[in-house]
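Trainee: Be aware that the first sequence starts at 283, since it is given in my numbering, and climbs by one per residue.
All C-beta atoms, glycine included, are put in the ideal place defined by N, C-alpha and C.
All values reported here derive from a predicted model rather than from experimental measurement.
I am attaching a structure below and will ask some questions about it afterwards.
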Amino acid sequence: MQRTKISVLLRTEPTGTEVLVKGWVKAFRNNQFIALNDGSTANNIQIVVSENTDPELIKRIKFGAAIGVQGTLLESQGKGQRVEIAASNITIYGDVNLEEYPLQPKKQSLEFLREHAHLRFRTNTFAAVFRVRHALAFAIHQFFNERGFFYIHTPIITASDAEGAGEMFRVTTLDPKNPPLDEQGNVDYKQDFFGKTTNLTVSGQLEGELAATALGDIYTFGPTFRAENSNTTRHLAEFWMIEPEVAFADLNDNMNLAEDMLRYVITYALEHCADDLKILEERLLEEEKSKPQDQRSEMSLTEKLRFVTENNFERLTYTEAIDILKNSNPNKKGKFQYPIEGWGVDLQSEHERYLVEKHFKKPVILTNYPAAIKAFYMRLDEGAEPGKETVSAMDILFPGIGEIVGGSQREERYDVLLQKMQAMHIPEAELSWYLDTRRFGSCPHAGFGLGFERLILFVTGMTNIRDVIAFPRYPGSAEF
RNA sequence: GCUUCAUUAGCUCAGUUGGUUAGAGCGGCGGACUGUUAAUCCGUAGGUCCAAGGUUCAAGUCCUUGAUGGAGCGCCA
Numbered sequence: 283m284q285r286t287k288i289s290v291l292l293r294t295e296p297t298g299t300e301v302l303v304k305g306w307v308k309a310f311r312n313n314q315f316i317a318l319n320d321g322s323t324a325n326n327i328q329i330v331v332s333e334n335t336d337p338e339l340i341k342r343i344k345f346g347a348a349i350g351v352q353g354t355l356l357e358s359q360g361k362g363q364r365v366e367i368a369a370s371n372i373t374i375y376g377d378v379n380l381e382e383y384p385l386q387p388k389k390q391s392l393e394f395l396r397e398h399a400h401l402r403f404r405t406n407t408f409a410a411v412f413r414v415r416h417a418l419a420f421a422i423h424q425f426f427n428e429r430g431f432f433y434i435h436t437p438i439i440t441a442s443d444a445e446g447a448g449e450m451f452r453v454t455t456l457d458p459k460n461p462p463l464d465e466q467g468n469v470d471y472k473q474d475f476f477g478k479t480t481n482l483t484v485s486g487q488l489e490g491e492l493a494a495t496a497l498g499d500i501y502t503f504g505p506t507f508r509a510e511n512s513n514t515t516r517h518l519a520e521f522w523m524i525e526p527e528v529a530f531a532d533l534n535d536n537m538n539l540a541e542d543m544l545r546y547v548i549t550y551a552l553e554h555c556a557d558d559l560k561i562l563e564e565r566l567l568e569e570e571k572s573k574p575q576d577q578r579s580e581m582s583l584t585e586k587l588r589f590v591t592e593n594n595f596e597r598l599t600y601t602e603a604i605d606i607l608k609n610s611n612p613n614k615k616g617k618f619q620y621p622i623e624g625w626g627v628d629l630q631s632e633h634e635r636y637l638v639e640k641h642f643k644k645p646v647i648l649t650n651y652p653a654a655i656k657a658f659y660m661r662l663d664e665g666a667e668p669g670k671e672t673v674s675a676m677d678i679l680f681p682g683i684g685e686i687v688g689g690s691q692r693e694e695r696y697d698v699l700l701q702k703m704q705a706m707h708i709p710e711a712e713l714s715w716y717l718d719t720r721r722f723g724s725c726p727h728a729g730f731g732l733g734f735e736r737l738i739l740f741v742t743g744m745t746n747i748r749d750v751i752a753f754p755r756y757p758g759s760a761e762f
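Now the structure itself:
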């Protein structure tokens, strides 16, 4: 007999049809009722064990055991569920020794579960997180596909170390204890696998631009690696990034695209993950009970998500933000650890948090940052007064997360780009292929990078990025 | 990398100014229970107090160093 998934059975009319379910025992009550879950949904199906079941079999129905149940789907006689299965036959696929099984039928801390990441999928919270993660990934592809974007796979291994997006992981097949040396006694990477030094990618943007300047609208969605010694709740050494790149688009088009995309995928999650979001909302509520009143969020998780889908993001320039911050109460009262003194300095996370969480109380798009604090490829704004040059950059800041999107209109003018690369000491020889886009049929274009795990953080209400990726990689940790 | 807090039973935590035999809830185990919903009820076992060194008549408690974990900051997505 073919097994039916619990997600399907819970929507089926209970007319006494014969069904087969397979899953894991979540609870066994009163020697009679099994709460069974197969991962297809956050909800369990209730199995009613018949009175004449072998007592030896009943003893093996324990929390975590994998079982199969054949029986009839009936309207539930008890309250709390619509349907249940009256079992006629129960098969044990995998027993569980509860004296050794780390998981327990009770609340367990996220820290403990992180150390048992191979088993944490089995908890209600993590199963919900990973179903939402899937839904968001799917929604992103659907969003871009509907708009005629092409999904480009950019390389994971790159020979370029000039992208300037952070420290890189070296890729090599050389023996670290006995590497070949050149005449000067340095490691001879000409003898390495690729004949040169190679690294894991920190961004697919530059390759994405190559595709966009032919295919028009493209996006990438792939793993990204940063060897930064970052120890925070919002950084990973291995994470997933979405990077759209759009030909003939300016900064405004870029902001509209990013805002539309975020609204689209969050709406998708609200529509398709209601059961999972309910679990996550309750989890968050429980977690916040231990916090002092003034640190609890004013809105529930789904209210927060709806708020984002129903309201426009606040758009303002870096210069306007500096004015607001300079005149803000915390700045005047010396509450900022880094006081705002003038134009030109980068904003600290306390400043971003003030703008997003206190001043505007909504997502904020900051634009037109000083050129000196941004990457070489961002387009230089025209008409700036000398010493106050800005670039067409944009950062989208979300409450509780900070920067979720970073992007810009790209510098399409060959001379301007070359000049900036020289000023910022970017080796042009290594990026000649990139410069070629500006030499031949150059066009205005824009794009951004979205941190996928940061998006999941926001949608799930989880607070540590290590809990929204299955097996997190961060300094000192690459388990599983 | 910096700052800070923590580490006591399987899990989450309490443990007074240093002073007998280190506690609780949940979980486990044994039993009862056929309309339960984090089921309930009865019984029961379970400890290298993170590690090493030091102070002291006496250290879970104080000091030093280290390890691991959390949070914040920096770097960013």
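(1) Taking Cβ positions, are alanine 324 and alanine 417 nearer each other than 8 Å?
(2) Flag this pair as yes or no: are the beta carbons of phenylalanine 451 and alanine 509 separated by less than 8 Å?
(3) How is the alpha helix (DSSP H) around tryptophan 625 delimited, first residue to last?
(4) Alpha carbon to alpha carbon, how far is aspartate 499 from tyrosine 600? Give it in angstroms, no decimals.
(5) Using alpha carbons as the reference points, say which of Glu366, Glu338, Cys555 lies closest to leucine 318.
(6) I'd like the ranges of any beta strand (DSSP E) spanning at least 3 consecutive residues and lying wholly in the segment 613 to 681.
(7) What are the boundary residues of the alpha helix (DSSP H) that leucine 418 is part of?
(8) If you follow the beta strand (DSSP E) that serine 572 is in, where does it begin and where does it stop?
(9) Got a sec, what are the start and stop residues for the beta strand (DSSP E) alanine 348 sits in?
(10) For asparagine 481, I'd like the list of residues in its chain whose CB is within less than 7 Å of its CB, leaving aside the five on either flank, ordered along the chain.
(11) Give me the Cα-Cα distance between leucine 662 and alanine 705, rounded to the nearest whole angstrom.
(12) Evaluate the contact criterion for the segment 465 to 484 versus the segment 533 to 548: three or more CB pairs, one atom per stretch, below 8 Å.
(13) According to DSSP, simplified to helix, strand and coil, what is methionine 283?
(14) Can isoleucine 686 and arginine 736 be called in contact, C-beta distance under 8 Å?
(15) Taking a contact to mean a Cβ-Cβ separation below 8 Å, would you say leucine 739 touches isoleucine 747 in this structure?
(16) Would the segment 481 to 493 count as touching the segment 465 to 472 if we require 3 or more Cβ pairs under 8 Å?
(17) Does the contact criterion of 3 or more C-beta pairs under 8 Å hold for the segment 659 to 675 versus the segment 627 to 639?
(18) Should arginine 413 be listed as close to the ligand GDP, given that the test is whether its C-beta is under 7 Å from any heavy atom?
(19) Would you mind stating whether serine 582 and leucine 562 have Cβ atoms separated by less than 8 Å?
(20) Using 10 angstroms around the beta-carbon of aspartate 558, count the other beta-carbons present and answer buried if the total reaches 16, otherwise exposed.
(21) Answer with buried or exposed for alanine 496, where buried requires no fewer than 16 other C-beta atoms within 10 angstroms of its C-beta.
(22) Could you give the residue range of the beta strand (DSSP E) that holds tyrosine 501?
(23) Are tyrosine 501 and phenylalanine 412 touching if we call contact CB-CB under 8 Å?
(24) Sort Cys555, Ser391, Glu338 by Cα distance to valine 414 and report the nearest one.
(25) Helix, strand or coil: which one does DSSP assign to glutamine 466?
Mentor: Considering the structure as presented:
(1) no
(2) yes
(3) No alpha helix (DSSP H) holds tryptophan 625; DSSP gives it neither H nor E.
(4) 28 Å
(5) Glu366
(6) 646 to 649, 675 to 680
(7) 406 to 428
(8) Segment: none, serine 572 is in no beta strand (DSSP E) and carries neither H nor E.
(9) Bounds of the beta strand (DSSP E) holding alanine 348 are 348 to 357.
(10) Excluding sequence positions up to five before and after asparagine 481, its CB lies within less than 7 Å of the CB of Thr440, Asp443, Met450, Phe451, Arg452, Val453, all in the same chain and listed in chain order.
(11) 13 Å
(12) no
(13) In the structure shown, the three-state DSSP call for methionine 283 is coil.
(14) The Cβ-Cβ distance between isoleucine 686 and arginine 736 falls below 8 Å.
(15) yes
(16) no
(17) Contact between the segment 659 to 675 and the segment 627 to 639 is absent, because fewer than three Cβ pairs lie under 8 Å.
(18) Although the ligand GDP was asked about, the structure shown includes no ligands whatsoever.
(19) no
(20) buried
(21) exposed
(22) 499 to 507
(23) no
(24) Cys555
(25) Looking at glutamine 466 - three-state DSSP - the assignment turns out to be coil, as it is neither helix nor strand.
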